Structure formats: C-alpha cells, structure tokens
Amino acid sequence: MLLDKLKIALADDDADDRFLFEEAIKEIHIKTNLSLYVNGKELMEHLTAPNVVLPQLVFLDLNMPVKNGLQCLKEIRGNSALKELSVAIYSTSCSEKDIEETFVNGANIYINKPNNFNKLKEVIERVLQLNWQYQTSYLNKDNFLLRI
Amino acid sequence: MKIYVTFDYIKISKKILDEQLRGMNIEYKFKGFGEVEILNDLSQKKYNDLKETLGNYGVTIVDDDKDEQVQRIKDTITHMIYTDEEAKMYKVSTYLSDKMDVPYTQLASLFSESTYTSIENFVILKKIDYAKNLIVNHNLTLTEIAYKLNYSSVAHLSAQFKKTTGLTPSTFQRIIKKRREKPNE
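Protein chains in written order, with numbering that gives the first Met the number 0: chain Z, 0 to 147; chain B, 0 to 184.
Pasting the structure below:
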C-alpha cells in the first residue's frame, strides 16, 4: 500500500528540458527514482523489455522524432501489461484539440511546459503528490484527469 | 454490448475478508473500519498465509501502527463522504476526532507526515473523485451532486472541480464519454 520511492520515466528529445526536469525533481521533497529517455522509441523498448521494473508515472513530450508522445501513449494504453501506468503529457502545445485528443487516448495528466524553473518545480510537485494519492488511496483511476 | 457497474467498496471488502477468514477457519470480529479482531491464536505461518491470501485481493495487513492509523483516517473519510448521511451536520475535524477518538491536531499531523497531503486536501480529492463517478455513471446533474456532496452551491462544486482537475465538469464528462465510445484499436 505505502510506497517507498516513486519511480518515474521521462521521454523528451530536448536535452535542456531533460536537464531542467531532473534538476527540478531533485529539489522536491518527495523521494523519486527518475529514468530519462531521449525519444519515444527508447522509452517503449524499456517499458516492454522482459523482467523490467515498471515506473508508476511516465512523462511524455508530445513532439519527438522517431516516435512521438501520442504514439507512445496509444501503445501504452493498448498494452495490458502497462495498464497501471499513469501517463502525463508534457508539452508546449496549448491547443485544446491536442489536449482533448491525448485525454481521450488515455492520458491522465496534461502539462503545459512552464517557462520558469520555480513554476516547473511547483507543477511537478503537484503531479507527484496527486499521483501518490492515486497509488495509495483507492481513487478511481479511470477518472484520473488533471490539466495544469 | 457494454455494461457499466458501480461498486460498494466496503461491502466487497467485508465479503472478501469474511470468505477468506472463514476459509482458513479463523474466528474474527469486525471492529470498525479496517480493524479486525482475530479470536483464535494465529501461528506465524498461518499469519503469513493469511497475509499472502489477502494480498491477492489487494487487501494489505498493515503491520506499522502509523500506516494503520493513516489508513483508518482515509477509510473514515470515505465512509463520511459515501455513506454516512448524518456526517453532513459535522465539520470534518469534529467527525474524525469523534469517530476515531483521537484529537484532530494529532490526526492531522500524522496524516500530513506520511501522505504528502493534508486531511483537508484529501477530503476534497475524495469528494471530487465521487463527483466524477456520479457525473459519468449516474448522469446526475451538478445540482443533484452538489446537494449529495454537501456543497453550498453548484458554483462552489464547479469551482472546486476545476481547481482540483484543471477541467470543468462538462469537459471532463465529454472526454470520458469520447473515451468510452472510442473503438478498441
């Protein structure tokens, strides 16, 4: 029931964004274990590898070369072994159409990439806190939607 | 064909416990939310077996006293929101300290120590979770839901929903509806 460390994966092709995310998450008081991937293909290979320890929460950049965030999302939601994963879309796009499409395809969280570091920290912390409640408190995961 | 179902979690949990405990010839008594008194002596082996059997159903025996109290706070909140009609007359703090017989300040600090949130925020989260279920499964109007969940007005419910999820109730409803209509790929 109670978890030790929250295991998190991030797929983002932008090295600066990966760096900032990692810095931000280090400064949050929730204990985490973060793995980074440079595109969707790498992430999916990891998630579907045999005997893998799955993360509880995955952050997906929407625009990535090779395999984009939406493709990853669809593959994750189409794979019953990955059904417990919470998926957070992490994107610069504010288009309502994009947002709704990702939710309909099974995303739990949609984050507009914040433009300053403190805001980024706040946003990640809120997401982690909420996801923690979903891991530990029998809330209905089918209805887990958050937009920030 | 699709059917939609709703669950009475407390009833399901009790039923599972009852079947498993009886199955292992263990005599017991329910002592309230999440508390079960075992009347026979349990050998360590039998205790471990029980732990494993219940684990298969997502039922965890809590060894740690703190975890157990936090779990009981959560269960009491669930009961307050879902089933106890009379709870509407009390403040959350009064209700919890009454039911659990522990001063609220003590419950509150224990809770925030181990859950990364506060009791107040957890209550909101749980209420909104219930509101979501009511919106998608029962087609209740927001006015009906606001009344059922003891909000002073629809505007208050709507604002809290938006604050908690980032979405308006109607956007939320539209997304879930589209998800359900989406053909499986």
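The C-beta atom is built at its ideal place from N, Cα and C for all residues, glycine as well. It should be emphasised that the depicted structure is a prediction, and the values quoted were computed from it without experimental measurement.
Item to complete: Return the CA-CA distance between Ile76(B) and Ile98(Z), expressed in angstroms with no decimal places.
Response: 33 Å
*Can we say the segment 106-124 of chain Z touches the segment 32-52 of chain Z, given the rule of at least three CB pairs closer than 8 Å?*
no
Go to Glu74(Z), then tell me how far its alpha helix (DSSP H) extends in each direction, as first and last residue.
68-76
Once you ignore the five residues that flank Gly22(B) on each side, which residues in its own chain have a CB closer than 6 Å to its CB? none
Can you confirm whether the segment 39-46 of chain Z touches the segment 58-66 of chain Z when touching is taken to mean that 3 or more C-beta pairs between the two stretches lie within less than 8 Å? yes
(message) Taking the straight line between their C-alpha atoms, what separation do you get for Ile11(B) and Asn120(B)?
(response) 26 Å
(Q) Less than 8 Å between the C-beta atoms of Glu51(B) and Asn39(B), yes or no? (A) no
(request) Examine chain B for any beta-carbon lying closer than 8 Å to the beta-carbon of Leu138(Z), and answer yes or no. (result) yes
Does the segment 99-113 of chain B come into contact with the segment 58-70 of chain B, if we say contact requires no fewer than three beta-carbon pairs (one atom in each stretch) closer than 8 Å?
yes
Q. Apart from the five residues on each side of it in sequence, which residues of its chain come closer than 6 Å, Cβ to Cβ, to Leu9(Z)?
A. Phe20, Leu35, Phe58
Using the beta-carbon of each residue, which ones in chain B are nearer than 7 Å to Val103(Z)? Ile174, Lys177, Arg178, Lys181
Check your understanding: Does the distance from the C-beta atom of Ser90(Z) to that of Asn111(Z) stay below 8 Å?
Key -> yes
(Q) Rounded to the nearest angstrom, what separates Ala107(B) and Ile75(Z) at their Cα positions? (A) 38 Å
ask   = Would Ser136(Z) be called buried (16 or more neighbouring beta carbons within 10 Å of its own) or exposed?
value = buried
- Query: Cα separation between Lys45(B) and Leu20(B)?
  - Reply: 11 Å
Rounded to whole angstroms, how far is the Cβ of Leu141(B) from the Cβ of Val153(B), which I believe are closer than 8 Å?
-> 5 Å
Using a Cβ-Cβ cut-off of 8 Å, state whether Lys73(B) counts as contacting chain Z. yes
inquiry  = Could you pull the DSSP bridge partners for Ile7(Z) from this structure?
reply    = Leu33(Z), Leu56(Z)
Quiz item: Which class does Phe143(Z) belong to by DSSP, given the choice of helix, strand or coil?
Solution: coil
For a quick check, are the C-beta atoms of Leu133(B) and Ile144(B) less than 8 Å apart? yes
**Study point:** Three-way DSSP call (helix, strand, coil) for Tyr27(B) in this model
**Key:** strand
Using C-beta distances below 8 Å, list every residue in its chain close to Lys147(B), excluding the 5 sequence neighbours before and after it, in chain order. Leu133, Leu139
Exercise for the section: Excluding the 5 residues preceding and the 5 following Arg56(Z) in the sequence, name in chain order all residues of the same chain whose CB lies nearer than 6 Å to its CB. Expected result: First, the residue type needs correcting, since residue 56(Z) is Leu and not Arg in the sequence shown. Closer than 6 Å at the Cβ level, and outside the excluded window around Leu56(Z), lie Ile7, Ser85, Asn130.
Q: Per DSSP, which residues does Ser90(Z) bridge with? Please list them.
A: Asn111(Z)
Looking at Val61(B): is its Cβ nearer than 8 Å to the Cβ of Ile15(B)? no
(request) Flag Ile147(Z) as yes if its beta-carbon sits less than 8 Å from any beta-carbon of chain B, otherwise no. (result) yes
Chain-ordered residues of the segment 102-120 of chain B with a beta carbon less than 8 Å from chain Z: Ser113, Thr114, Tyr115, Thr116
task = Just grab the DSSP bridge partners of Glu121(Z) for me.
result = Beta-bridge pairing links Glu121(Z) to no other residue.
- request: Just the C-alpha distance for Asp3(Z) and Ile29(Z), rounded to the nearest angstrom, thanks.
  value: 10 Å
Exercise. Where do the N-terminal and C-terminal ends of the alpha helix (DSSP H) with Ile72(B) fall, by residue?
Worked result: 64-81
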